[in-house]
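Beneath this line is the structure, given in structure tokens, with notes to follow.
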Amino acid sequence: MPLLDKLRKLYGVGPVCSELHIAPSTYYHCQQQRHHPDKRSARAQRDDWLKKEILRVYDGNHQVYGVRKTGD
């Protein structure tokens, strides 16, 4: 939601969300999740951990993926 963060200063959350066809509560929920990651669900926290692990393996393998490439 970086775009909305920039536009909300000029136009406010309500009008920007209306143009994007999302509820303002969606924006506020995402903001809360971003600022308080420890309050996210266990599933969301695990997904974040998995993303970091996948990127670590991918970067450690010269950004090449696949069974044969990663398994070497």
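Position 4, counted from 1, in the sequence shown is what this note's numbering calls 14; the numbers after and before it change by one each time, with no gaps. Where a beta carbon is used, it is the ideal one built from N, C-alpha and C, also for glycine. Note that the structure is a prediction, hence the values are computed from the model and not measured.
Coil, strand or helix - residue i by DSSP
{"i": "residue 24", "result": "helix"}
{"i": "residue 31", "result": "coil"}
{"i": "residue 50", "result": "coil"}
Cα-Cα separation, residue i to residue j
{"i": "residue 16", "j": "residue 38", "result": "14 Å"}
{"i": "residue 30", "j": "residue 21", "result": "13 Å"}
{"i": "residue 55", "j": "residue 43", "result": "11 Å"}
{"i": "residue 57", "j": "residue 46", "result": "16 Å"}
{"i": "residue 63", "j": "residue 73", "result": "13 Å"}
Start-to-end residues for the alpha helix (DSSP H) that takes in residue i
{"i": "residue 8", "result": "Outside the displayed span of the chain (11 to 82) sits residue 8, for which this structure offers no information."}
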